[in-house]
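>
Chains as they are written, first to last, in our numbering: chain H, 1 to 349; chain V, 1001 to 1557.
(1) Select from the segment 205-216 of chain H all residues with a C-beta closer than 7 Å to any C-beta belonging to chain V, and list them in chain order.
(2) For the segment 1156-1181 of chain V, which residues have a CB atom closer than 7 Å to at least one CB atom of chain H, in sequence order?
(3) Would you call the segment 1198-1218 of chain V in contact with the segment 1099-1110 of chain V, where contact means no fewer than 3 C-beta pairs closer than 8 Å?
(4) Classify residue 1229(V) as helix, strand or coil using the three-state DSSP reduction.
(5) Considering only residues of the same chain and omitting the five flanking positions on each side of residue 332(H), which have a CB-CB separation below 7 Å?
(6) Find out if the Cβ-Cβ distance for the pair residue 1296(V), residue 1254(V) is shorter than 7 Å.
(7) Just to confirm, is the Cβ distance from residue 1228(V) to residue 1176(V) under 7 Å?
(8) What's the call for residue 1550(V), buried or exposed, on a 16-neighbour Cβ count within 10 Å?
(9) Quick one: measure Cβ to Cβ for residue 1300(V) and residue 111(H), integer angstroms, because I've assumed they're closer than 8 Å.
(10) Does the beta carbon of residue 330(H) come closer than 7 Å to any beta carbon on chain V?
(11) How close, in whole Å, do the beta carbons of residue 254(H) and residue 267(H) come, if the pair is a contact with beta carbons under 8 Å?
(12) So if DSSP puts residue 177(H) in a beta bridge, which residue, or which two residues, is it bridged to?
(13) With the cut-off set at 7 Å, would you say residue 1351(V) and residue 1280(V) are in Cβ contact?
(14) Within the 7 Å Cβ cut-off, does residue 1352(V) reach chain H?
(15) Using a Cβ-Cβ cut-off of less than 7 Å, give me the residues of the segment 104-121 of chain H that come near chain V, in sequence order.
(16) Using 7 Å as the threshold, is the C-beta distance between residue 140(H) and residue 174(H) below it?
(17) Using a C-beta cutoff of 7 Å, does residue 197(H) count as contacting chain V?
(18) Going along the segment 35-57 of chain H in order, which residues come within less than 9 Å of chain V, judged by CB to CB distance?
(19) For the candidate residues 69(H), 127(H) and 104(H), whose alpha-carbon lies nearest to that of residue 1338(V)?
(20) At a Cβ cut of 9 Å, what residues of the segment 251-280 of chain H count as close to chain V, listed as they run along the chain?
(21) Just to make sure I have the definition right: I need the residues of chain H whose C-beta is within less than 8 Å of the C-beta of residue 1471(V). Which are they?
(22) Identify every residue that forms a DSSP beta bridge with residue 186(H).
(23) Tell me whether residue 1540(V) is buried or exposed, calling it buried when 16 or more other Cβ atoms sit within 10 Å of its Cβ.
(24) Go through its chain and collect everything with a Cβ distance to residue 1412(V)'s Cβ below 7 Å, but skip five positions before and after it.
(25) For residue 1502(V), which residues in the same chain have their Cβ closer than 7 Å to its Cβ, ignoring the five residues on either side in sequence?
(26) For residue 133(H), count neighbouring C-beta atoms within 10 Å of its own C-beta (all shown protein chains included) and say buried if the count is 16 or more, exposed if not.
(27) In chain order, what residues of the same chain lie with their CB nearer than 8 Å to the CB of residue 1542(V), ignoring the 5 residues before and after it?
(28) Find the residues of chain V that neighbour residue 71(H), judging by a C-beta separation of less than 8 Å, and give them in chain order.
(29) Apply the 10 Å Cβ neighbour rule to residue 54(H) and answer buried if 16 or more other Cβ atoms are within range, or exposed otherwise.
(30) When the Cα of residue 182(H) is compared with those of 1110(V), 1246(V), 1058(V) and 1357(V), which residue comes out closest?
(31) Using a Cβ cut-off of 7 Å, pull out every chain V residue sitting near residue 158(H), in sequence order please.
(32) What whole-angstrom Cβ distance do residue 1270(V) and residue 1219(V) have, given they're in contact under 8 Å?
(33) Does residue 1081(V) get closer than 7 Å to chain H when you measure Cβ to Cβ?
(34) Which residue wins for smallest C-alpha separation from residue 1252(V), given the options 1533(V), 1214(V), 1051(V) and 1237(V)?
(35) With 16 as the cutoff for other CB atoms within 10 Å, does residue 1315(V) come out buried or exposed?
(36) Quick one: residues in its chain with C-beta nearer than 8 Å to the C-beta of residue 177(H), no 5 flanking neighbours on either side, listed in chain order?
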């Protein structure tokens, strides 16, 4: 009897466990559909470790919640003063050491279990397993855009981070060194990893190893000034071949066609070059995004607008219309100059 | 000596002119009047801070909304946070502590009445200074602007490079000035509780209210001092060429974070311990039972006080402190859940076997128990540092701490308003309006703050003036904003109830709740000297002993 009972129990508990895992998996499959920035739809090892821990923490706190909530509800309903109350005071109970001991020790045990699980995940995510074929990126936060430098590959770009897929057979994680040029920022792409802050004078690092190609969204998560809200993050995860091709293209200097020479002259004789670089020309400013391959990007203004000729023109004419408070000044150009300048930027592929 | 010569100058209350009354209130050193001044002052700022919150929520009701500009939005959330923490919750809690502690421990006044008045006026002028930034922050040559650096004002956003003009100076000076007020009041509370208790009231026989406020005051002294120091350092940076937080000259932004949060986390307990104090008075009276496990409650309070000084860097899990430091702050933060849990269980046990009367104060305290349970558990979630790497700085955090401050502190505070209103005014409030207030606020609170957790889980960071469509955040933000209107309606009912009852309420009598602590033994409102004769007590519930001479508490304690 006894052994059959415990077998049954083992069977039931295994069933429950399997069912829970299936539910979690189904939930994780559905999760990206709810939101492209859902923390419960991890696509990279750090985010997956956090997801696993979060399920455990949610389960424990959920059980505590149910137990205490039920007790509270029960006592509030059960011990309400009745209509036919006799008006006498209830028995005056002052306390009980046994009960106090019980509800001190049980929470301590729960806390110890939570702590052990947490400590393991901290160690696994914060350890720094540098691999030979890892990609190194330096991400520099600016008010209110992202600068990305690939020191080993000689590439500088802005706002759209490209990294290769890392598969389990041939892991190629990306290590991101986080710096800030001005105030505090935070790099948060929820499906790839937890956030890590970019703090001036305090270099940080993090790593991701996305398992599937695609575009992963996120945004700055530490208040950094007026346009904190439109300091958006886009991470392009590409198959290795596509990524290598992208790197090759980004390493080329700007190709300038003679048709846009008027626009180029405007660009190079106004304040544009104080802040922007176009590789292979005199423009070498570093306050603003590198524009050498501007047209290879899907968005402008740190993801605030899609990269269309109209948006680009509008952005140069009046940045505040797209991103009020951005540090890019309105250049006060004539319509003719504006068109020529936009045409020039359109050639920066 | 004739009777006329010792009559009070203000004996004929009706004939006093407005100026005389004003003069009396402005120059008062009476703890009850200062308490009421604190409370009214906080209510005014509650309205201001609430309107700021409502504007913030209207802006966020849908993606790419244009109700306010990003500049205005950033000022609004800075002012909302600063106002609510420093000029609403702290003053109102000091107000209740001021009013009630001498009455509960059988004293005629606080230990230092003049320091008390000084502290109140420092706090009051601190708040005015903060709002004067709207006029003066550009140096009086035009329209000013409020500070926009966030309520924790992370460096280097506060440096002169990034914060031009004087708005950050107004923020700094306001907190500096009101910080002195807070420390003054804290010293006063400690001295009063340690030195002014009536005969027979040993520390173990004080009402829990006094214990919780004693620990709170100790925390204020320990926590506000580093904040004040940090403000001075920030001023040195801004005006005397210092480089404490000036990252461009080798200063450290992380240094400010440590200074701020070693204030900021104990501050949470500074705010929540008085809320526990209200609950620990109200729940027993309306359950008709003494508080369960008094010594354990005291122990848990003191434990919270100590542990809360060692948890601050859980606000900084994402700043790159290294695995070992993170792990330390995980365990210290999780540890604080134990004494806090003990408190919830003891309140539960107090209700257990009682006869609960669902008067308005009790309704608010019962809601507090449920909500504080949830707030505590979401806190445990974020104490797991890796989970916090996702949840931190998101709307999940915003929902969590509003669950603590609104769902926990404000709910018990409303309970306290209704519970002690008869004592302070001598009039009963309207129970119907009180219950209407409770249900409206409950609905509004849950619409707003339950649903606010979800966009955080879906990756919405805090402090953004607008957000992109297509991220799955729209519906939740819409519901959150709708809840605000219910809360606003509830506040109108609340204030209406207070004002109406003050003029039209029924006389309350000395002891409308059949309660057990000393403040209910004197008149409502109490005379300036509190008690005709200084009481002497034998147990934690002196009025129970009086009412039940055959079965007094001192036989069992």
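Note that the Cβ used here is the ideal one computed from N, Cα and C, for glycine as well.
According to the structure shown:
(1) none
(2) 1156, 1157 and 1162
(3) yes
(4) helix
(5) none
(6) no
(7) yes
(8) exposed
(9) About 14 Å; that fails the 8 Å criterion.
(10) no
(11) Wrong, their Cβ atoms sit about 11 Å apart, outside the cutoff.
(12) 138(H) and 205(H)
(13) no
(14) yes
(15) 104, 107, 108, 111, 114, 115, 118, 119 and 121
(16) no
(17) yes
(18) 35, 36, 37, 38, 39, 40, 46, 47, 49, 50, 51, 53, 54, 56 and 57
(19) 104(H)
(20) none
(21) 35, 36, 37 and 217
(22) 197(H)
(23) buried
(24) 1275, 1278, 1279, 1364, 1365 and 1368
(25) 1425 and 1427
(26) exposed
(27) 1516, 1517, 1518, 1521 and 1535
(28) 1348
(29) buried
(30) 1246(V)
(31) Neighbours of residue 158(H) on chain V: none; closest Cβ ~19 Å, over 7 Å.
(32) 5 Å
(33) no
(34) 1237(V)
(35) buried
(36) 136, 137, 138, 139, 203, 204 and 205
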